[in-house]
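Asker: Handing you a structure now.
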DNA sequence: GCCTTATAGTTTCGGATGAAACCTTTTGCA
DNA sequence: TGCAAAAGGTTTCATCCGAAACTATAAGGC
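This is how it looks when you write it as structure tokens:
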């Protein structure tokens with residue numbers, strides 16, 4: 003993890019993170035896509051509504067880190083398949099109020115434990131001490147780390163395409 | 003990091019990893035897209051050829067974890083922009099032999115240090131001990147962890163759509 | 001009370017993506 | 001040799017995605 007002077011994809015932290023993350027996500031996604039025809043975005047909406055019923059589309063977007071276009075499309079498909087229902091917020095007719103249908107709840111109740119099982123199996127290769135460090139490192143990288151990255155100035159706008 | 007019984011996206015490891023990884027990758031990608039009009043896939047091909055000239059398309063795919071369709075398209079665009087050149091492998095006319103052009107090398111020489119700078123800034127929020135743990139955890143999760151995940155059996159094919 | 005601005009959500013449009021089909025060359029082997 | 005199977009790449013097709021434009025409602029200033 004000491005900085006190499008040469009860029010080597012295999013040792014490059016962002017690349018390694020991306021590979022790890024994508025491989026895990028795809029493994030889980032493959033399952034609920036096969037069983038329920040859910041896309042990743044649809045599953046995320048379902049997951050957050052399973053936990054917090056009554057959110058608006060924008061609130062769903064905030065909790066899932068999806069943009070509102072993606073949420074809008076996922077919501078449209080979930081509505082079409084009658085996995086969620088939508089009503090209008092009393093007092094603000096722009097806002098929607100989203101919640102699972104019984105069918106949506108049934109799917110959530112099947113997929114959520116499976117997602118947790120993937121996480122459990124992944125963590126199972128770590129011992130107690132390693133899990134504590136993992137939590138700490140994730141928190142630090144996601145907090146201070148991302149903040150530092152966002153502060154990196156763009157190069158002095160000299161040469162360009 | 004102790005297993006919750008309830009699925010909560012904010013605390014779900016795969017989701018957190020995905021968010022961290024995507025945020026970092028996008029920060030870097032934004033820069034070389036703006037400066038050189040490179041897509042992520044094109045940059046990955048350029049990066050691996052900058053380090054290992056003469057690879058074939060399949061070898062590039064292996065080193066970048068991209069599928070061969072994505073490599074084929076990235077290679078086509080890089081050729082069109084004269085950032086790489088392609089010849090045919092002597093002795094196996096199916097294989098291509100890819101390498102950077104001087105222009106491709108020039109771009110590589112500008113982007114690679116910037117990519118490393120993002121990594122450096124990210125790691126800068128960690129102290130020496132934390133970096134050692136990060137390396138260890140990444141290796142373990144990417145190795146044994148992914149292997150364990152891949153071994154998870156699909157649910158007993160009962161109910162489904 | 002108007003009128004500008006902001007917010008919730010949808011649609012459009014151009015490009016990116018992956019699975020599967022496809023073409024070409026090579027390999028394995030009877 | 002001759003031929004089936006495999007491997008390197010490309011194309012097709014259907015889907016997905018995000019930025020920007022758009023509609024409708026609400027909030028704020030005067």
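Residue numbers (our numbering), protein chains in the order written: chain A, 3 to 163; chain B, 3 to 163. A virtual CB, placed ideally from N, CA and C, is assigned to each residue, including glycine. All figures in this text were calculated on a predicted structure; none of them were measured in a lab.
1) DSSP beta-bridge partners for residue 87 of chain A?
2) How about the segment 115-135 of chain B and the segment 143-156 of chain A: do they share at least three Cβ pairs that are nearer than 8 angstroms?
3) Please name the residue in A:76, A:68, A:105 whose C-alpha comes closest to that of residue 84 of chain A.
4) Pairs of beta-carbons, one from the segment 116-125 of chain B and one from the segment 6-15 of chain A, closer than 8 angstroms: are there three or more?
5) Looking at the structure shown, is residue 65 of chain B part of a helix, part of a strand, or coil, going by DSSP?
6) Distance check for residue 42 of chain B and residue 94 of chain B, CA to CA, integer angstroms please.
7) Quick one: give me the first and last residue of the alpha helix (DSSP H) that residue 95 of chain B is part of.
8) Is DSSP giving residue 38 of chain A helix, strand or coil here?
9) Can you check whether the CB of residue 73 of chain A is closer than 7 angstroms to the CB of residue 120 of chain B?
10) Going straight from the alpha carbon of residue 37 of chain A to that of residue 113 of chain A, what length do you get?
11) Using a Cβ cut-off of 7 angstroms, pull out every chain A residue sitting near residue 27 of chain B, in sequence order please.
12) Who are the neighbours of residue 142 of chain B on chain A, taking C-beta pairs under 8 angstroms?
13) Can you tell me which of A:57, A:115, A:109, A:97 puts its alpha carbon nearest to the alpha carbon of residue 9 of chain B?
14) Any idea what DSSP makes of residue 57 of chain B, helix, strand or coil?
15) Smallest Cα separation from residue 109 of chain B: which of B:71, B:49, B:59, B:153?
16) Could you tell me which of A:46, A:79, A:133, A:153 sits nearest to residue 142 of chain B, measuring between CA atoms?
17) Does any C-beta atom of chain A lie closer than 7 angstroms to the C-beta of residue 146 of chain B?
18) Can you find a C-beta in chain A that's less than 7 angstroms from the C-beta of residue 55 of chain B?
19) Could you tell me if residue 46 of chain B is buried or exposed, where buried requires 16 or more neighbouring beta carbons within 10 angstroms of its beta carbon?
20) Hey, out of A:20, A:53, A:86, whose CA is closest to residue 40 of chain A's CA?
21) What first and last residue would you give for the alpha helix (DSSP H) that runs through residue 77 of chain A?
22) Which residues in chain B sit within 8 angstroms of residue 154 of chain A, going by Cβ to Cβ distance?
23) Just to check my reading of the structure: residue 156 of chain A and residue 33 of chain B have Cβ atoms closer than 8 angstroms, yes? What is that Cβ distance to the nearest angstrom?
24) Taking the C-alpha atoms as reference points, what is the distance between residue 62 of chain B and residue 102 of chain A?
25) Measure the C-alpha to C-alpha separation of residue 88 of chain A and residue 65 of chain A and round it to an integer number of angstroms.
26) Identify the continuous alpha helix (DSSP H) that holds residue 134 of chain A and give its terminal residues.
27) Who are the near neighbours of residue 161 of chain A in its chain, counting only those whose CB is closer than 8 angstroms to its CB and skipping five residues on each side?
28) With a threshold of 7 angstroms between beta-carbons, can residue 9 of chain B be considered close to chain A, or not?
Answerer: According to the structure shown:
1) Mapped onto the first chain, residue 87 of chain A falls at position 85. Answer is A:101.
2) yes
3) For the purposes of this step, residue 84 of chain A is taken as residue 82 along the first chain, with counting starting at 1. That would be A:105, whose Cα lies nearest to the Cα of residue 84 of chain A.
4) Touching, per the Cβ criterion.
5) In the second chain, the residue the question calls residue 65 of chain B occupies position 63. In this structure, residue 65 of chain B counts as helix in the three-state DSSP scheme.
6) Taking the first residue of the second chain as position 1, residue 94 of chain B is located at position 92. Taking the first residue of the second chain as position 1, residue 42 of chain B is located at position 40. Roughly 29 angstroms between the two C-alpha positions.
7) Locating residue 95 of chain B in the second chain gives position 93, counting from the first residue. Premise fails: residue 95 of chain B is in no alpha helix (DSSP H) and is neither H nor E.
8) Looking up residue 38 of chain A in the first chain gives position 36. Residue state, collapsed to three classes: helix.
9) Position 118 of the second chain holds residue 120 of chain B. Position 71 of the first chain holds residue 73 of chain A. For residue 120 of chain B and residue 73 of chain A, no; Cβs fall outside 7 angstroms.
10) For this step, residue 37 of chain A is matched to residue 35 along the first chain. For this step, residue 113 of chain A is matched to residue 111 along the first chain. If you take the alpha carbons of residue 37 of chain A and residue 113 of chain A, they lie about 9 angstroms apart.
11) As a working mapping, residue 27 of chain B is identified with position 25 in the second chain. Result: 16, 20.
12) One-based indexing of the second chain puts residue 142 of chain B at position 140. Per Cβ cutoff of 8 angstroms: 127, 128, 132.
13) The count along the second chain starts at 1 and reaches residue 9 of chain B at position 7. If we check each option's Cα against that of residue 9 of chain B, A:115 comes out closest.
14) The residue labelled residue 57 of chain B in the question sits at position 55 within the second chain. Coil at residue 57 of chain B, not helix or strand.
15) Position 107 of the second chain, counted from the first residue, corresponds to residue 109 of chain B. For the residues B:71, B:49, B:59, B:153, the minimum Cα distance to residue 109 of chain B belongs to B:49.
16) Walking along the second chain from the start, residue 142 of chain B turns up at place 140. Comparing Cα positions, the closest option is A:133.
17) Residue numbering aside, residue 146 of chain B sits at position 144 when the second chain is read from its first letter. Yes, residue 146 of chain B lies at the interface with chain A (some Cβ there is under 7 angstroms from its Cβ).
18) Locating residue 55 of chain B in the second chain gives position 53, where the first residue counts as 1. Taking Cβ atoms only, chain A never reaches closer than 7 angstroms to residue 55 of chain B, which makes this a no.
19) Your numbering for residue 46 of chain B matches position 44 in the second chain. The residue is buried, with at least 16 neighbouring Cβ atoms inside 10 Å.
20) The sequence position of residue 40 of chain A within the first chain is 38, counting from 1. Each of A:20, A:53, A:86 was checked against the Cα of residue 40 of chain A, and the nearest Cα belongs to A:86.
21) Residue numbering aside, residue 77 of chain A sits at position 75 when the first chain is read from its first letter. That run of the alpha helix (DSSP H) goes 70-82.
22) Within the first chain, residue 154 of chain A is the residue found at index 152, counting from 1. Going along chain B in sequence order, the residues near residue 154 of chain A (Cβ under 8 angstroms) are 29, 119, 120, 123.
23) As a first step, residue 156 of chain A must be located in the first chain, where it is residue number 154. As a first step, residue 33 of chain B must be located in the second chain, where it is residue number 31. Between residue 33 of chain B and residue 156 of chain A the Cβ distance is about 6 angstroms, and since that is below 8 angstroms, they are a contact.
24) The residue labelled residue 62 of chain B in the question sits at position 60 within the second chain. The residue labelled residue 102 of chain A in the question sits at position 100 within the first chain. Cα to Cα, residue 62 of chain B sits roughly 44 angstroms from residue 102 of chain A.
25) The sequence position of residue 88 of chain A within the first chain is 86, counting from 1. The sequence position of residue 65 of chain A within the first chain is 63, counting from 1. The alpha-carbon atoms of residue 88 of chain A and residue 65 of chain A are separated by roughly 18 angstroms.
26) To locate residue 134 of chain A, count along the first chain from 1; it is residue 132. Taken as a continuous stretch (DSSP letters only), the alpha helix (DSSP H) holding residue 134 of chain A covers 130-142.
27) Along the first chain, one-based indexing puts residue 161 of chain A at 159. With a pLDDT of 43 at residue 161 of chain A, under the threshold of 50, the predicted position of this residue should be treated as unreliable, and no value is reported.
28) Counting from 1 along the second chain, the entry for residue 9 of chain B is found at position 7. Residue 9 of chain B counts as touching chain A.
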